[in-house]
Amino acid sequence: MTEYKGVMIYSEVTEGKLAAISTELKGCGRKLADDLGQELSAVLVGSGISGLAQEVIAFGADKVYIVDDPLLKDYQTDSYVQVMEKVIKQVMPQIFLLGQTSIGRDLAPRLAFRLNTAASMDCLELAIDPDSKLMLRTKPVYGGNAQAVFTCESYPQIATVRVKVMSPLERDTSRQGEVITIEAGLDPSMIKTKVLEKVKAEVEGIKLEDAEVIVSGGRGLGSAEGFKELEELAKVLKGAVGSSRPPCDNGWVPEALHIGLTGKVVAPDLYIAVAISGASQHLAGCSGSKNIIAINKDPEANIFKEARFGVVGDYRKVIPAFTDKVKELLAG
Amino acid sequence: MNMIVCVKQVIDPEAPPASFKIDPSSNKVVPPPGVSPVISPFDENAAEAALKIKDTQGGKITVISLGTNLLRDVVKKPLSMGADELILLEDEAFTNGDSWSTAYALAMAIKKIGDYDIIFCGRQAADWDAGQVGLGIAEILGLPSVTAAKKIDITDSKARVEMVTTDGYEVIEVPLPALITVSSELGEPRYPTIKGIMAAKRKEPIIWKPADIGVDPSQVGASGRRIKILKLFQPIREGKCEIIEGESVEEAAANLASKMRKAKLL
Ligand SMILES: Cc1cc2nc3c(=O)[nH]c(=O)nc-3n(C[C@H](O)[C@H](O)[C@H](O)COP(=O)(O)OP(=O)(O)OC[C@H]3O[C@@H](n4cnc5c(N)ncnc54)[C@H](O)[C@@H]3O)c2cc1C
Ligand SMILES: Nc1ncnc2c1ncn2[C@@H]1O[C@H](COP(=O)(O)O)[C@@H](O)[C@H]1O
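Residue numbers (this note's numbering), protein chains in the order written: chain A, 1 to 332; chain B, 1001 to 1266.
Spelled out as structure tokens, the structure:
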């Protein structure tokens, strides 16, 4: 197995830019590479993405592999797994990391099965075991009620990392690195699926992922109406509105507001959870927030275990009074 | 349309977090007493996806579940919702597998079933939250796959699948046979009908052992694992929430704002 060397990260691109997760992965990949005394490389896959190579280096990669091909314009399982199989067989990294994104959760398992190795998904922490030199993969399980540490002895060691968990390295344009092009060499007959349409959810105002303040509502709001008051509060705080899963399931708010294990992962400075019980699957998406405030009528609600401050009471009474006071304080 | 749905029996993931316990010596979860296991929720969505297709175009739905101590009332739920057949891979040899050994056993069972147009899985099982077995089955069987579906339309042996993404969805066309993993955005699974429950009670599951699907016991379950578990633990919650009080709820709310201002959170 010694011929496998180095740490490689999958540098995801969204709308022509490096995705935030790509820079986060370089932060954690750099550490693993340094611990192994090996190189950190990144792979960029897509169409017309070559221009991003210097940016990838600025964020900390020693080497960038580029696979640029018109057939790779859209992410598709068949084409991307094929390309990554080729890249990995050529470069033979010891560790390959991706983000737990729509792409990562699709690409990593299939690629791992193809390469006869095993992936760990949605990891919170990665480290090198000093004795075995294997990658230790810490991953939340049972919806976040527990965490497990896994290893796998077959190479490459593949893991996806939860977004907003790792700190990126500083962007440094003086960093030097090597750029290597790899031909996609795709066999179009192997691409069985077709992307017919991409539909983006319309978001008004600040994007959830970028918001420093999030006011989030749960099933206890009872209806779409309940969210109106949260919108007002969010506006006063220059934040965004989010939601646990039930309000999305019930159609009170759009799916795009869904925060949690299978929704968005957010880490704002301030997360105000209103009428949310604090199920572990919801906390999976917001426990990285710097300060959680809980408003719930049930003093036993689990959310109070995660919160810094809380008020026990009916949101219908709490939110208007809170909003008024916040307005007053911000005005004065 | 012949459809296969893979369902896993798990500890009820919606049981209160306080009831969740692990046994650190064995690295295993202790099932909360008095809480019945359930079919992993996304697998119920997968069953619903198959039933929706059966509603409009007819077809046969075969449900497969791998495990031990499979409670008949639990694993028969898809039958009572309207599925046709239940196959259980129930044997000590199948237990304590990882995504690899589970996908391998399920793929071999599906090969034995032979005749299928769509295989449905949940997007991830609510115990290990792996989200890998479906894609593993697809890879082993050489099938195209789509993950996290919220809507599926079938025309001319092709499926048009709406796949959930972080910022909306994509519409993917995939030729059949294919494997599709299903997300909760598909909508609530239907309730079993009384008629369905009665029919499910009478139906005996088919039980397959490793030899029945042509695998060696060493390739499945714990022996077939590729992932080793070193440690299972519960993250410590600090739980130092300060509850803000007041003469009235409204006053408490105002006090919260003042407190947050002082703590420089506003
Ligand atoms: C595999 C899996 C994945 C999941 N993924 C996610 C996910 O990504 N995101 C997610 O959010 N959930 C997810 N869930 C669901 C999760 O388990 C919980 O069911 C869900 O988070 C509960 O949402 P909630 O807190 O809004 O509702 P509830 O748990 O019903 O809580 C409602 C709360 O509102 C309070 N309340 C009621 N009325 C009022 C009032 N008038 N004023 C103040 N408080 C009030 C109640 O006291 C209660 O605490 C997942 C579940 C599974 C099994
Ligand atoms: N033991 C099992 N029996 C039947 N289906 C399973 C089993 N384990 C996993 N699956 C299927 O694979 C999906 C993903 O599981 P996982 O990769 O474990 O998260 C589940 O939602 C099920 O549809």
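Heads up, the beta-carbon is just placed ideally off N, CA and C, and yes, glycines get one too.
Just so you know, these numbers come straight off a predicted model, no measurement behind them.
Can you tell which of the options has its C-alpha closest to the C-alpha of residue i?
| i | options | result |
| --- | --- | --- |
| Met121 (chain A) | A:Lys133, A:Ile128, A:Gln147 and A:Leu134 | A:Gln147 |
| Val215 (chain A) | A:Gly37, A:Tyr271 and A:Ser132 | A:Tyr271 |
| Pro1032 (chain B) | B:Ser1019, B:Glu1044 and B:Asp1043 | B:Ser1019 |
| Trp1208 (chain B) | B:Leu1086, B:Pro1177, B:Glu1251 and B:Glu1162 | B:Leu1086 |
| Val1029 (chain B) | B:Gly1082, B:Ile1011, B:Val1038 and B:Ile1039 | B:Ile1011 |
| Ala240 (chain A) | A:Asn250, A:Asp249, A:Lys228 and A:Gly251 | A:Lys228 |
| Glu231 (chain A) | A:Ile88, A:Ser167, A:Ala61 and A:Val274 | A:Val274 |
| Ser47 (chain A) | A:Lys17, A:Met8 and A:Gly220 | A:Lys17 |
| Gly27 (chain A) | A:Glu55, A:Tyr315, A:Met166 and A:Arg105 | A:Met166 |
| Ile295 (chain A) | B:Ala1083, B:Ala1263, B:Glu1250 and B:Leu1266 | B:Glu1250 |
| Met92 (chain A) | A:Glu39, A:Gln54 and A:Val45 | A:Glu39 |
| Ala108 (chain A) | A:Glu125, A:Gln90 and A:Asp78 | A:Asp78 |
| Gly51 (chain A) | A:His282, A:Ile180, A:Val199 and A:Asp324 | A:Ile180 |
| Ala211 (chain A) | A:Arg219, A:Met135, A:Ser189 and A:Lys238 | A:Lys238 |
| Ser287 (chain A) | A:Val67, A:Gly143 and A:Val13 | A:Gly143 |
| Pro1189 (chain B) | B:Lys1201, B:Pro1041 and B:Pro1024 | B:Pro1041 |
| Asp68 (chain A) | A:Glu300, A:Gln76, A:Glu183 and A:Asn302 | A:Glu183 |
| Pro247 (chain A) | A:Lys235, A:Pro268, A:Gly222 and A:Ser102 | A:Gly222 |
| Lys1231 (chain B) | B:Gly1122, B:Pro1078, B:Asp1167 and B:Asn1027 | B:Asn1027 |
With respect to the alpha helix (DSSP H) encompassing residue i, which residues constitute its N-terminal and C-terminal limits?
| i | result |
| --- | --- |
| Trp1100 (chain B) | Ser1099 to Ile1113 |
| Phe96 (chain A) | Segment Ile95 to Gly99 is the beta strand (DSSP E) holding Phe96 (chain A); no alpha helix (DSSP H) there. |
| Glu1139 (chain B) | Val1133 to Leu1141 |
| Thr1056 (chain B) | Pro1041 to Gln1057 |
| Thr23 (chain A) | Ala20 to Leu36 |
| Gly1034 (chain B) | Careful: Gly1034 (chain B) lies outside any alpha helix (DSSP H) and carries neither H nor E. |
| Met84 (chain A) | Thr77 to Val91 |
| Leu1186 (chain B) | Looking at the DSSP string, Leu1186 (chain B) is not in any alpha helix (DSSP H), and its letter there is neither H nor E. |
| Thr151 (chain A) | Element bounds for Thr151 (chain A): not the alpha helix (DSSP H) but the beta strand (DSSP E), Ala146 to Cys152. |
| Asp1153 (chain B) | Per DSSP, Asp1153 (chain B) belongs to no alpha helix (DSSP H); it is in the beta strand (DSSP E), Ser1145 to Thr1155. |
| Ala58 (chain A) | Ala53 to Ala58 |
| Lys1195 (chain B) | Ile1194 to Arg1202 |
I need the boundaries of the beta strand (DSSP E) containing residue i, first residue and last residue.
| i | result |
| --- | --- |
| Lys1028 (chain B) | Lys1028 to Val1030 |
| Ser1065 (chain B) | Lys1060 to Gly1067 |
| Glu306 (chain A) | Premise fails: Glu306 (chain A) lies in the alpha helix (DSSP H), Ile303 to Glu306, not in any beta strand (DSSP E). |
| Asp68 (chain A) | Lys63 to Asp68 |
| Arg137 (chain A) | Met135 to Val141 |
| Leu126 (chain A) | Glu125 to Ile128 |
| Cys1121 (chain B) | Ile1118 to Gly1122 |
To the nearest angstrom, report how far apart residue i and residue j are at their CA atoms.
| i | j | result |
| --- | --- | --- |
| Asp298 (chain A) | Glu204 (chain A) | 32 angstroms |
| Trp252 (chain A) | Ala224 (chain A) | 4 angstroms |
| Glu178 (chain A) | Lys63 (chain A) | 5 angstroms |
| Ile158 (chain A) | Ile1022 (chain B) | 27 angstroms |
| Pro1016 (chain B) | Glu306 (chain A) | 15 angstroms |
| Asp1073 (chain B) | Lys1008 (chain B) | 13 angstroms |
| Asn1045 (chain B) | Glu1162 (chain B) | 14 angstroms |
| His282 (chain A) | Ile1154 (chain B) | 33 angstroms |
| Pro320 (chain A) | Ile259 (chain A) | 24 angstroms |
| Tyr1191 (chain B) | Ala1083 (chain B) | 13 angstroms |
| Leu126 (chain A) | Arg137 (chain A) | 5 angstroms |
| Ala1178 (chain B) | Ala118 (chain A) | 22 angstroms |
| Tyr1169 (chain B) | Ala1138 (chain B) | 22 angstroms |
| Tyr80 (chain A) | Asp1115 (chain B) | 28 angstroms |
Looking at chain D, is there any beta carbon in it that lies within less than 8 angstroms of the beta carbon of residue i?
| i | result |
| --- | --- |
| Ser1025 (chain B) | Going by chain labels, chain D is absent from the structure shown, which instead holds the protein chains A and B. |
Any heavy atom of ligand 4 closer than 7 angstroms to the Cβ of residue i?
| i | result |
| --- | --- |
| Lys1008 (chain B) | Annotation note on ligand 4: not contained in the displayed structure, which lists ligand 1 and ligand 2 as its ligands. |
Using a Cβ-Cβ cutoff of 7 angstroms, what residues of the stretch 93-112 of chain A are near chain B? List them in chain order. Of all residues in the stretch 93-112 of chain A, Thr101, Ser102, Arg105, Asp106, Pro109 and Arg110 have a Cβ within less than 7 angstroms of some Cβ in chain B.
Specify whether the stretch 1048-1067 of chain B and the stretch 1086-1096 of chain B touch according to this definition: at least 3 beta carbon pairs, one from each stretch, less than 8 angstroms apart. Enough Cβ pairs lie closer than 8 angstroms, so yes.
Using Cβ-Cβ distances below 7 angstroms, what residues of the stretch 1209-1232 of chain B are close to chain A? Against chain A - using a Cβ distance shorter than 7 angstroms - the residues of the stretch 1209-1232 of chain B are Arg1226, Ile1227, Lys1228, Ile1229, Leu1230, Lys1231 and Leu1232.
Is the stretch 1172-1189 of chain B close to the stretch 178-196 of chain A, with three or more CB pairs under 8 angstroms? A contact exists between the stretch 1172-1189 of chain B and the stretch 178-196 of chain A.
Is the stretch 1241-1250 of chain B in contact with the stretch 299-315 of chain A, if contact means three or more CB pairs nearer than 8 angstroms? Touching, per the Cβ criterion.
Members of the stretch 1089-1101 of chain B that neighbour chain A once the beta carbon cut-off is set at 9 angstroms: Within the stretch 1089-1101 of chain B, Asp1098, Ser1099 and Trp1100 place their CB atoms closer than 9 angstroms to a CB of chain A, listed in sequence order.
Cβ-based contacts, 7 angstroms cut-off: residues of the stretch 1236-1247 of chain B near chain A: Against chain A - using a Cβ distance shorter than 7 angstroms - the residues of the stretch 1236-1247 of chain B are Arg1237, Gly1239, Cys1241, Glu1242, Ile1243 and Ile1244.
Under 8 angstroms (Cβ pairs) to chain A, residues found in the stretch 1006-1021 of chain B: Correct list: Ile1011, Pro1013, Glu1014, Pro1016, Pro1017, Ala1018 and Phe1020.
Three or more C-beta pairs below 8 angstroms linking the stretch 118-138 of chain A and the stretch 1196-1215 of chain B: With fewer than three CB-CB distances shorter than 8 angstroms, the stretch 118-138 of chain A does not count as touching the stretch 1196-1215 of chain B.
The stretch 298-312 of chain A: which residues have C-beta closer than 7 angstroms to a C-beta of chain B, in chain order? Answer in chain order: Asn302, Phe304, Lys305, Glu306, Ala307, Arg308, Phe309, Gly310, Val311 and Val312.
Should the stretch 1096-1111 of chain B be called in touch with the stretch 1232-1239 of chain B, which here means at least 3 C-beta pairs below 8 angstroms? At 8 angstroms Cβ cutoff, the stretches do not touch.
Chain B contacts from the stretch 212-239 of chain A (Cβ-Cβ distance under 8 angstroms): For the stretch 212-239 of chain A, residues whose beta-carbon sits nearer than 8 angstroms to a beta-carbon of chain B comprise Leu237.
Whether or not the stretch 169-186 of chain A and the stretch 1123-1143 of chain B are in contact is what I'm after, with contact meaning three or more pairs of Cβ atoms, one per stretch, closer than 8 angstroms; do they touch? Between the stretch 1123-1143 of chain B and the stretch 169-186 of chain A, the count of Cβ pairs shorter than 8 angstroms is below three; the stretches do not touch.
Determine contact between the stretch 205-214 of chain A and the stretch 59-74 of chain A, defined as no fewer than three beta-carbon pairs at a distance below 8 angstroms. The stretch 205-214 of chain A makes no contact with the stretch 59-74 of chain A; the number of CB pairs closer than 8 angstroms stays below 3.
Going along the stretch 1037-1068 of chain B in order, which residues come within less than 8 angstroms of chain A, judged by CB to CB distance? Those residues of the stretch 1037-1068 of chain B that come within reach of chain A (Cβ to Cβ, closer than 8 angstroms) do not exist; the list is empty.
Residues of the stretch 115-131 of chain A with a CB closer than 8 angstroms to any CB of chain B: list them in chain order, please. Listed in sequence order: Thr117, Ala118, Ala119, Ser120, Met121 and Asp122.
Please name the residues in the stretch 146-175 of chain A whose beta-carbon is closer than 8 angstroms to at least one beta-carbon of chain B, in chain order. If you check each beta-carbon in the stretch 146-175 of chain A against every beta-carbon of chain B, the ones closer than 8 angstroms belong to Ala146, Gln147, Ala148, Val149, Phe150, Thr151, Cys152, Glu153 and Ser154.
For the stretch 1138-1149 of chain B, list every residue whose C-beta sits within 8 angstroms of some C-beta in chain A, in sequence order. Here the close residues are Ala1138, Glu1139, Ile1140, Pro1144, Ser1145, Val1146, Thr1147 and Ala1148.
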